[in-house]
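I have placed the structure first, in the form of structure tokens, so that the comments after it can refer back to it.
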Amino acid sequence: MLSLFSQPFPPSSSSSTLPRTTTFKLKPFTVFSSSSSSPSQPFPPFLPKQIHTIKDPFARKFAMRIQRLPVPVSFAENPIMSSCVKPLVQSKEPPVVLLHGFDSSCLEWRYGYPLLEESGFETWAVDILGWGFSDLENLPPCDVVSKRNHFYQFWKSYIRRPMILVGPSLGSAVAIDFAVNYPEAVEKLILIDASVYAEGTGNLATLPRSVAYAGVYLLKSLPLRLYANYLTFTNMPLHTILDGTNVGRLHCLLPWWDDATVDFMTSGGYKIASLIRKVKQKTLIIWGENDRIVSNKLAVQLHCELPDAVLRQIPDCGHIPHLERPDSAIKLIVEFIQTEKKKLSKLVSQVSVAAGSELRRGRVCFSGGDRVSYLNRHEHVKFVNWL
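In my numbering, the protein residues as written are 1 to 387.
Here you go:
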């Protein structure tokens, strides 16, 4: 039977700690999904067999689209078969590229991805090296530099143009680190309940490896994951928590997960607080007002430190808005992208009007902010072709 997705979890009655941004249900976005997998569209063979026990129809349908693409990197002898969900169609507009949080996978976007796709965006969901469903049998290093280089090579191989990069939780640290080091690859940033002020993995980096392995064994345990989900969401039925936990730990069942996680833990992790003020891209910050993982106070701090950012809060929502309130989260993302696109279109229109007037006088006046420059006829032709 087909089911219509709107909001998977009921709202809570918690009060706001920051001024709210009113959000509305996205009426044009309706996503249908079969409650069981189609025999003609099986799950990818590299997924753990436990995928067959998942009940969430959106997780099942999204998992069917996961594939592995070869990504050549300098720190591995052979290309890494890297997991992702590719767009069904390509667009001339900047693609939206979705990262995930700490120790997660692209399945984190099982609700939000279809909404972005229905709205017409070319959308990618990419697994960060060391997490997700990439083939790491010949384990590469999974430290911050390797994660950054791997993602850059993925972008260079398949995306190949400036993107709108979306990072939730620790994925925000990944996104900021990447945007500062490769600004040419990122047109805009979207940070969701950003975990960007932690001092890496802290004391965990100094643990003996035997103790570190014991720690990661606990990290993937069902009780700890259930408790983490309890903290993550505002109000969720037990059966939904249990199935969501199984989706969230599916990648942990791959045979190399323990080694990759220990490698990241002992490498020191992400320390990117000093990079925040270096971000050049226009940024949207989205925050669940009831986040019990990362304080709302840090949302305000991040907004103040980013050079060009807007902050929007989602009421009755916890740490992962794109799972708990996907309609509201995607609405904010779409509005941000479309608003910026309209501003650019208006600027181009103003330039064209000014150019038409000045061209008749043998020169073109181009105004951008406080800058005014003049182009001759030959330069104007090149400028219009660039537009």
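For each residue, glycine too, the CB sits at the ideal point set by N, CA and C.
Where Pro321 is concerned, the enclosing alpha helix (DSSP H) starts and stops at Pro321 to Glu324.
Contact between the region 307 to 315 and the region 279 to 286 is present, with at least three C-beta pairs closer than 8 Å.
Under the DSSP definition of a beta bridge, Leu254 lacks any partner. Linking Pro95 to Tyr152 through their CA atoms gives a straight-line distance of about 15 Å. Cys84 counts as buried, since no fewer than 16 other beta carbons sit within 10 angstroms of its beta carbon. In this structure the region 85 to 93 does not touch the region 316 to 334; the number of beta carbon pairs closer than 8 Å is below three.
When Ala179, Val196 and Val211 are compared, the shortest CA-CA separation from Lys278 is found for Ala179. Approximately 7 Å separates the beta-carbon atoms of Ile164 and Val97; this is inside 8 Å, confirming the contact. Boundaries around Arg225 are those of the alpha helix (DSSP H), Leu222 to Thr232, since no beta strand (DSSP E) includes it. The Cβ atoms of Asn138 and Ala76 sit closer than 8 Å to each other. Where Gln301 is concerned, there is no enclosing beta strand (DSSP E), although the alpha helix (DSSP H) around it starts and stops at Asn296 to Glu305. If you ignore the 5 residues before and after Ala125, its C-beta comes within less than 7 Å of the C-beta of Cys84, Val85, Leu98, Cys106, Trp109 and Tyr113, all in its own chain and listed in chain order. Judged by DSSP secondary structure, Thr240 falls within the alpha helix (DSSP H) whose first and last residues are Leu238 to Gly248. About 7 Å separates the Cβ atoms of Leu254 and Phe133, confirming a contact at the 8 Å cut-off.
In its chain, beyond the 5 residues on either side, Leu107, Arg110 and Val247 have a beta carbon closer than 7 Å to the beta carbon of Ala59.
Val174 has its alpha-carbon roughly 19 Å from the corresponding atom of Arg161. A straight line joining the alpha-carbon of Leu250 with that of Gln50 spans about 7 Å. Distance from Asp263 to Asp135 at the Cβ level is roughly 16 Å; contact not present, criterion being Cβ atoms closer than 8 Å.
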